[in-house]
Amino acid sequence: MAVYHGTTSKNVIRKLLSKIGLGKARDLDEVAASPLAQWKRPWWVKTVDKPTVDIDWDVVERFDETRIQQRSFPKYVGEEENKKLRKQQVERTRQWVQENKPNYTLRDRALDIAVRQGAVGTSFLGFAQDPKHVKDGWGGNLMTPEKMGVPPWQGTPEDNAAMMRAALIMFGASQVSFLELDDYNRKFIYSVDNDGKRLDFEDVDQAYEEETRRVIPNKARWVIVFTVQMSEELLKRRLGRAPTPFSAAATGSAYARARVIFDDTQLFLHCLGYYGLMSYWFNGLGIADAFAVMSGIGELSRLNRVITPEYGPMVRIFRLITNLPLAPTKPISAGIMRFCKTCKKCATLCPSGTLSLDTEPSWEVKGPWSAPGHKTWYEDSTKCMAYWIKATSSCSTCFSVCPFSKKNKSFMHHFVESTISRTTLFNSLFTKMDGLLDYDIPKDPESWWYLNMPPYGIDGLEGTKLE
Amino acid sequence: MWWFLYGLIMGGGISAIAVNVSLTWYVWLFIVIALIMFTLTMQHYFASIKEMEPMAARRGAVALGTPGVIFAVLAIVLALV
Chain Y
0 MAVYHGTTSK NVIRKLLSKI GLGKARDLDE VAASPLAQWK RPWWVKTVDK
50 PTVDIDWDVV ERFDETRIQQ RSFPKYVGEE ENKKLRKQQV ERTRQWVQEN
100 KPNYTLRDRA LDIAVRQGAV GTSFLGFAQD PKHVKDGWGG NLMTPEKMGV
150 PPWQGTPEDN AAMMRAALIM FGASQVSFLE LDDYNRKFIY SVDNDGKRLD
200 FEDVDQAYEE ETRRVIPNKA RWVIVFTVQM SEELLKRRLG RAPTPFSAAA
250 TGSAYARARV IFDDTQLFLH CLGYYGLMSY WFNGLGIADA FAVMSGIGEL
300 SRLNRVITPE YGPMVRIFRL ITNLPLAPTK PISAGIMRFC KTCKKCATLC
350 PSGTLSLDTE PSWEVKGPWS APGHKTWYED STKCMAYWIK ATSSCSTCFS
400 VCPFSKKNKS FMHHFVESTI SRTTLFNSLF TKMDGLLDYD IPKDPESWWY
450 LNMPPYGIDG LEGTKLE
Chain U
0 MWWFLYGLIM GGGISAIAVN VSLTWYVWLF IVIALIMFTL TMQHYFASIK
50 EMEPMAARRG AVALGTPGVI FAVLAIVLAL V
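Heads up: the protein sequence lines correspond to chains Y and U, in order.
Numbering that gives the first Met the number 0 puts the first residue of the first sequence at 0, with every later residue one more than the last.
Numbering that gives the first Met the number 0 puts the first residue of the second sequence at 0, with every later residue one more than the last.
In structure tokens form, the structure reads like this:
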């Protein structure tokens, strides 16, 4: 039970709460722990004890993140080939702008670049840890419990989880889940971060950073996992199977918004008397998709990324570690990984031939860029990265053709998803219907400029009280 | 509001039929099935337009509306026989 309760008269609170069906809650702090504050998922989503992906914990080890394509691509293809591709990328970009090539024009490129502004790296400790750099909105000194003469915020793990969910959604997140680090899922924290710094755990009170390493206190045991929704209307603006600056901008926009969410969350925790730890880079610290699967954001898929029940794969996933106790959320089962076995649409339409066309997932990795120990459809992501460079835009064709990438206004989507969660009998039919109804056909990129879209091009009301 | 009006019209129509015409149970069954299919067709069509998927709207309307038309025609033919 939270220590700090509201000061409004108890009778007034009770009358108000009983009017909205929460008569048993004594105050607003207890409302936060009520079922109404819980994460409402679609009815066909089941919570389970074990995720739908098979994991061999004896094989899982903390992964060296410098092995991913963004850092090691030259090592996998050779320096000469990398230089050749990069030169071609620069020349092609310039040439297409000069030719005013449709969908790759100056303004299209400008959109992709501008939307990423803000996506310039995050901070392990959070800028709030250094009071010299952060002041509150009134230009005064940063508020902490210590300065206010009160102890750090105290709440039950359930209170805290509801509080953090409300706060992160306000900051711009779409979904928020939580995980407690144990001996198993601690292995999803990278051994080496993206910039080559080691990530070590120690029995210390405060996190700190040195030249060669970042130290995470053992008492920072909780992971906050959140998603940022991507704009479907941007994502689906391809040229045939090829990406364009529009489809690339969908990703960039999500990263830029995530930067704000990270800063706000670390600052919020700091003001409560806790800390939130991230990496210097968005995809650093730990395997986002692993945390997302274990905490119930979604299921692993043929994309070797997470597909969520609410937004399909049209999300970017992020995580940070905190010492604020949080009630964990469980993995889910919604028939998604099962559906991937027969669908194969992403792999069939992948322009670079990166994704696996095998029906069954496998334990065998395709290269050192993948963390082993789970049964999935591992990809040859060297082909993917090479294609991004040749196409001059980061690709997300697989995300955009996925049958789960939908806006969910038609009853048909809910009907299909709820049936998929219960039986595999109609999975092939649903895949064919998706093609017959032209959901996987790219949309004309140039027409995007004349749509009347909401902010960030997303429907932020879906699944909320305001819908 | 549009769904409210739709409900009023459909409810009014069914009430008018029920009061003025005597129908067998299977004709009523076909009327109800036809009504359900038309409702689903309308929902899918207008929702797909909102989703900016015009082809899905049109093809879905044909796929869902055709059985509705068939059942409606059957109901009318059987009612007249």
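For glycine and all other residues, C-beta sits at the position ideal for the given N, C-alpha and C.
Indicate whether residue i and residue j have their beta-carbon atoms separated by less than 8 Å.
| i | j | result |
| --- | --- | --- |
| alanine 390 of chain Y | proline 242 of chain Y | yes |
| arginine 256 of chain Y | tyrosine 455 of chain Y | yes |
| proline 324 of chain Y | asparagine 159 of chain Y | yes |
| threonine 321 of chain Y | alanine 219 of chain Y | yes |
| proline 444 of chain Y | leucine 180 of chain Y | no |
| valine 175 of chain Y | phenylalanine 225 of chain Y | yes |
| threonine 250 of chain Y | methionine 229 of chain Y | yes |
| leucine 178 of chain Y | valine 222 of chain Y | yes |
| alanine 206 of chain Y | leucine 124 of chain Y | yes |
According to DSSP, is residue i helix, strand or coil?
| i | result |
| --- | --- |
| isoleucine 286 of chain Y | coil |
| tryptophan 38 of chain Y | coil |
| alanine 33 of chain U | helix |
| glycine 275 of chain Y | strand |
| isoleucine 12 of chain Y | With a pLDDT of 47 at isoleucine 12 of chain Y, under the threshold of 50, the modelled position of that residue is not reliable, and the figure given next carries that caveat. Residue state, collapsed to three classes: helix. |
| glutamate 52 of chain U | coil |
| lysine 146 of chain Y | helix |
| threonine 51 of chain Y | coil |
| lysine 45 of chain Y | strand |
| glutamine 87 of chain Y | helix |
| leucine 460 of chain Y | coil |
| valine 191 of chain Y | strand |
| phenylalanine 70 of chain U | helix |
| tyrosine 103 of chain Y | coil |
| glutamate 466 of chain Y | coil |
| phenylalanine 177 of chain Y | strand |
| aspartate 63 of chain Y | strand |
| threonine 121 of chain Y | coil |
Measuring only the C-alpha atoms, how far is residue i from residue j?
| i | j | result |
| --- | --- | --- |
| isoleucine 30 of chain U | alanine 17 of chain U | 11 Å |
| proline 244 of chain Y | threonine 104 of chain Y | 9 Å |
| asparagine 193 of chain Y | phenylalanine 317 of chain Y | 14 Å |
| histidine 43 of chain U | leucine 436 of chain Y | 12 Å |
| glutamate 52 of chain U | isoleucine 419 of chain Y | 22 Å |
| histidine 269 of chain Y | aspartate 63 of chain Y | 29 Å |
| lysine 406 of chain Y | glycine 171 of chain Y | 19 Å |
| leucine 319 of chain Y | arginine 258 of chain Y | 12 Å |
| serine 395 of chain Y | isoleucine 8 of chain U | 46 Å |
| valine 76 of chain U | aspartate 439 of chain Y | 40 Å |
| glutamine 68 of chain Y | lysine 74 of chain Y | 9 Å |
| tryptophan 368 of chain Y | alanine 247 of chain Y | 22 Å |
| aspartate 57 of chain Y | glutamate 298 of chain Y | 21 Å |
| methionine 313 of chain Y | alanine 74 of chain U | 44 Å |
| tyrosine 377 of chain Y | proline 371 of chain Y | 9 Å |
| serine 399 of chain Y | leucine 234 of chain Y | 6 Å |
| phenylalanine 45 of chain U | phenylalanine 3 of chain U | 15 Å |
| histidine 412 of chain Y | lysine 344 of chain Y | 17 Å |
| valine 59 of chain Y | arginine 304 of chain Y | 17 Å |
| isoleucine 13 of chain U | leucine 460 of chain Y | 36 Å |
| cysteine 383 of chain Y | threonine 211 of chain Y | 31 Å |
| asparagine 99 of chain Y | arginine 93 of chain Y | 10 Å |
Going by Cα to Cα distance, which pick from the options is closest to residue i?
| i | options | result |
| --- | --- | --- |
| phenylalanine 187 of chain Y | Y/Leu233, Y/Pro156 and Y/Gly285 | Y/Gly285 |
| isoleucine 69 of chain U | U/Val26, U/Arg57 and U/Met54 | U/Val26 |
| glutamate 359 of chain Y | Y/Leu233, Y/Met336 and Y/Leu460 | Y/Met336 |
| isoleucine 54 of chain Y | Y/Asp204, Y/Arg93, Y/Glu98 and Y/Tyr183 | Y/Tyr183 |
| aspartate 204 of chain Y | Y/Tyr273, Y/Val149 and Y/Lys431 | Y/Tyr273 |
| phenylalanine 338 of chain Y | Y/Glu90, Y/Glu363, Y/Gly275 and Y/Thr307 | Y/Thr307 |
| serine 427 of chain Y | Y/Asp107, Y/Ser122, Y/Lys340 and Y/Val227 | Y/Lys340 |
Exercise for the section: Output the residue ranges of the alpha helix (DSSP H) runs that lie fully inside the segment 285 to 371 of chain Y and measure 4 residues or longer, sorted by chain position. Expected result: Those alpha helix (DSSP H) runs which fall completely within the segment 285 to 371 of chain Y and span 4+ residues are 287 to 293, 335 to 342 and 344 to 348.
Problem - alpha helix (DSSP H) runs wholly inside the segment 195 to 245 of chain Y, at least 4 long, in chain order - result: The qualifying runs are 231 to 234.
Practice task
List in chain order: all unbroken alpha helix (DSSP H) runs of 4+ residues lying wholly within the segment 379 to 457 of chain Y.
Solution key: Within the segment 379 to 457 of chain Y, complete alpha helix (DSSP H) segments of at least 4 residues are found at 380 to 390, 396 to 400, 410 to 421 and 426 to 435, given in chain order.
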